[in-house]
Amino acid sequence: YAHTHGAFFKIFRIFKRLSKNRLISVFGAAGERDVIKRRLKGEIANRYSDIIILCDEDTRGEDSMQVIKNIAEGISEKTLNKNLFFIPDRRSAIEKQISIACTGDLEVTLGKGNESSLIDKDKSLIRVEEDVIMIII
Numbered sequence: 001y002a003h004t005h006g007a008f009f010k011i012f013r014i015f016k017r018l019s020k021n022r023l024i025s026v027f028g029a030a031g032e033r034d035v036i037k038r039r040l041k042g043e044i045a046n047r048y049s050d051i052i053i054l055c056d057e058d059t060r061g062e063d064s065m066q067v068i069k070n071i072a073e074g075i076s077e078k079t080l081n082k083n084l085f086f087i088p089d090r091r092s093a094i095e096k097q098i099s100i101a102c103t104g105d106l107e108v109t110l111g112k113g114n115e116s117s118l119i120d121k122d123k124s125l126i127r128v129e130e131d132v133i134m135i136i137i
């Protein structure tokens with residue numbers, strides 16, 4: 001899952017050691033939750049990831065781009081549309097991740113784990129992340 005900044009720190013340190021080439025991460029932050037933690041997640045990802053793709057997690061009705069911009073406040077060493085991407089639709093973000101990966105890159109998709117839905121303002125969208133990835137590849 002890696003919902004907290006503490007979990008982010010631990011898991012990114014491990015991923016960076018495992019990566020033979022670039023670390024490409026896809027993640028978001030929950031809407032209508034602690035805004036301060038968003039920036040911290042961005043700072044941690046910035047430190048360890050070579051490429052960051054920010055997307056929806058569970059917006060709960062909060063504006064997707066606002067959540068993404070809050071995370072991006074912690075990202076200082078990346079250039080938008082070069083090694084930092086804002087792609088709110090999670091499936092499209094994963095597609096981007098897979099399309100830019102090269103041999104030896106480690107691709108990590110964080111935040112949803114085995115949860116089967118994304119929570120929006122009025123509904124839950126049924127989506128199993130593993131299935132989405134398998135369809136794309």
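Numbering (full-length UniProt numbering), first residue to last: 1 to 137. Note that beta-carbon positions come from the ideal geometry of N, C-alpha and C, so glycine has one too. Since the model is a prediction, treat every value here as computed from it, not as a measurement.
Margin query: Only counting the same chain, and skipping five residues up and downstream in sequence, which positions put a Cβ closer than 7 Å to that of residue 78?
Written below: Here residue 78 refers to the residue found at position 78 of the sequence shown. Result list for residue 78: 46, 52, 84, in chain order.
Cβ atoms of residue 68 and residue 80: under 9 Å apart, would you say?
Taking the sequence shown and counting its residues from 1, one reaches residue 80 at position 80. Taking the sequence shown and counting its residues from 1, one reaches residue 68 at position 68. Cβ distance not < 9 Å, so residue 80 and residue 68 don't count as in contact.
inquiry  = Which runs of the alpha helix (DSSP H) at least 4 residues long sit entirely within the UniProt domain "Mur ligase C-terminal" (1-113)? Give them in chain order.
reply    = The DSSP assignment places 5-18, 35-48, 64-72, 90-100 as complete runs of the alpha helix (DSSP H) inside the UniProt domain "Mur ligase C-terminal" (1-113), in order along the chain (cut-off: 4 residues).
Review point. Smallest Cα separation from residue 40: which of 100, 19, 73?
Key: One-based indexing of the sequence shown puts residue 40 at position 40. If we check each option's Cα against that of residue 40, 73 comes out closest.
How many whole angstroms separate the CB atoms of residue 23 and residue 106, which I take to be in contact at a CB cut-off of 8 Å?
Against the sequence shown, residue 23 aligns to sequence position 23. Against the sequence shown, residue 106 aligns to sequence position 106. With a Cβ gap of about 5 Å, residue 23 and residue 106 count as contacting.
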